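Asks: Following this message is one structure expressed as structure tokens.
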Amino acid sequence: MVKIAPSLLSANFVCLKEEIDKIKVAEWIHYDVMDGHFVPNISFGYSILKDISKVTDKYLDVHLMIDDPFKYVDNFIASNASLIVFHYEAVEENEINKLINHIKNNNIDVGIAIKPDTCVDVLKPFLSELDLVLVMSVEPGFGGQTFNHSALEKISKLAKLREDNNYCYLIEVDGGINESTAKLCRQAGVDVLVAGSFVFNSDDCTKAIESLR
Numbered sequence: 000m001v002k003i004a005p006s007l008l009s010a011n012f013v014c015l016k017e018e019i020d021k022i023k024v025a026e027w028i029h030y031d032v033m034d035g036h037f038v039p040n041i042s043f044g045y046s047i048l049k050d051i052s053k054v055t056d057k058y059l060d061v062h063l064m065i066d067d068p069f070k071y072v073d074n075f076i077a078s079n080a081s082l083i084v085f086h087y088e089a090v091e092e093n094e095i096n097k098l099i100n101h102i103k104n105n106n107i108d109v110g111i112a113i114k115p116d117t118c119v120d121v122l123k124p125f126l127s128e129l130d131l132v133l134v135m136s137v138e139p140g141f142g143g144q145t146f147n148h149s150a151l152e153k154i155s156k157l158a159k160l161r162e163d164n165n166y167c168y169l170i171e172v173d174g175g176i177n178e179s180t181a182k183l184c185r186q187a188g189v190d191v192l193v194a195g196s197f198v199f200n201s202d203d204c205t206k207a208i209e210s211l212r
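The sequence shown begins at 0 in numbering that gives the first Met the number 0 and counts up by one.
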């Protein structure tokens with residue numbers, strides 16, 4: 000069964016503890032970090048992540064949508080991230096393995112995210128080392144966007160590469176997830192669904208989460 004990772008970007012920041020309590024049936028929490036440069040929006044930093052880790056034991060999936068992951072990654076490691084996902088587009092290709100190894104050496108799971116216009120093939124040199132690949136099905140930076148169906152082909156390709164090569168990474172998709180798009184992603188082979196607006200804007204977060212499975 001797929002894992003659900005509600006995105007706190009769509010939660011009410013004023014009462015974050017109560018919002019986290021509403022999503023108890025979800026396995027993960029998705030934590031978007033935006034710097035106003037790599038994407039045009041600004042969100043949480045590492046200090047709030049550390050506070051969140053004190054009120055939940057859920058797996059904390061940290062998505063770094065920032066220009067210089069190397070500059071801040073140690074802060075997120077120290078703030079109890081379970082998984083750190085950085086963008087392929089934000090790191091020089093000859094530095095990617097260095098960042099992967101640094102995160103793994105700190106006993107944190109590591110993933111790479113790709114934007115809608117980035118093809119899966121660029122990740123082939125790194126797939127054997129990854130715990131997760133995040134396929135963006137919207138342009139990163141804002142919640143509530145429409146699902147880009149090109150993500151389905153990427154999910155299927157990643158699933159086949161994993162099977163053919165005996166890789167162990169999970170496949171995650173983020174953006175425009177609702178009941179109908181979740182079904183398409185499950186059929187394509189996804190393992191983790193990130194959902195923000197669909198969960199937190201619903202009258203019943205538990206029912207919304209369960210409907211995605």
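Virtual Cβ for every residue (Gly too), placed ideally from N, Cα, C. From a predicted model like this one, the values you see are computed outputs, not experimental measurements.
(1) Whole-angstrom Cβ separation of Val189 and Ile154, contact assumed at under 8 Å?
(2) So, helix, strand or coil for Ala226, using DSSP?
(3) Identify whether Asp50 lies in helix, strand or coil by the three-state DSSP scheme.
(4) Use the C-beta contact count for His36: other C-beta atoms within 10 angstroms, 16 or more gives buried, fewer gives exposed.
(5) Among Asn200, Asp202, Ser201 and Ala194, which has the Cα closest to the Cα of Ala25?
(6) Quick check: Ile208 and Ile3, are their CB atoms within less than 8 Å of each other?
(7) My understanding is that Val172 touches Val134, with C-beta atoms under 8 Å, so please give their C-beta distance in whole angstroms.
(8) Kindly indicate the opening and closing residues of the beta strand (DSSP E) around Leu192.
(9) Excluding the five sequence neighbours on either side, which residues of its own chain have a C-beta within less than 8 Å of the C-beta of Asp66, listed in chain order?
(10) Am I right that His29 and Leu7 are in contact with their C-beta atoms under 8 Å? What's the rounded C-beta distance?
Replies: According to the structure shown:
(1) Translated into the one-based positions of the sequence shown, residue 189 becomes position 190. Translated into the one-based positions of the sequence shown, residue 154 becomes position 155. Contact flag correct, Cβ pair sits at about 5 Å.
(2) The question about residue 226 has no answer here: the residues shown for the chain are numbered 0 through 212.
(3) Taking the sequence shown and counting its residues from 1, one reaches residue 50 at position 51. The answer is helix: DSSP assigns Asp50 an H, G or I state.
(4) To locate residue 36, count along the sequence shown from 1; it is residue 37. The residue is exposed, with fewer than 16 neighbouring Cβ atoms inside 10 Å.
(5) Position 26 of the sequence shown holds residue 25. If we check each option's Cα against that of Ala25, Ala194 comes out closest.
(6) Working through the sequence shown from its first residue, we reach residue 208 at position 209. Working through the sequence shown from its first residue, we reach residue 3 at position 4. Closer than 8 Å, so yes.
(7) Working through the sequence shown from its first residue, we reach residue 172 at position 173. Working through the sequence shown from its first residue, we reach residue 134 at position 135. Indeed they touch by this definition, with Cβ atoms about 5 Å apart.
(8) Here the question's residue 192 lines up with position 193 in the sequence shown. Val191 to Ala194 is the extent of the beta strand (DSSP E) around Leu192.
(9) Locating residue 66 in the sequence shown gives position 67, where the first residue counts as 1. Cβ neighbours of Asp66 beyond the five flanking positions: Asp34, His36, Phe37 and Ala89.
(10) The residue you call residue 29 lines up with position 30 of the sequence shown. The residue you call residue 7 lines up with position 8 of the sequence shown. Confirmed, Cβ separation roughly 7 Å.
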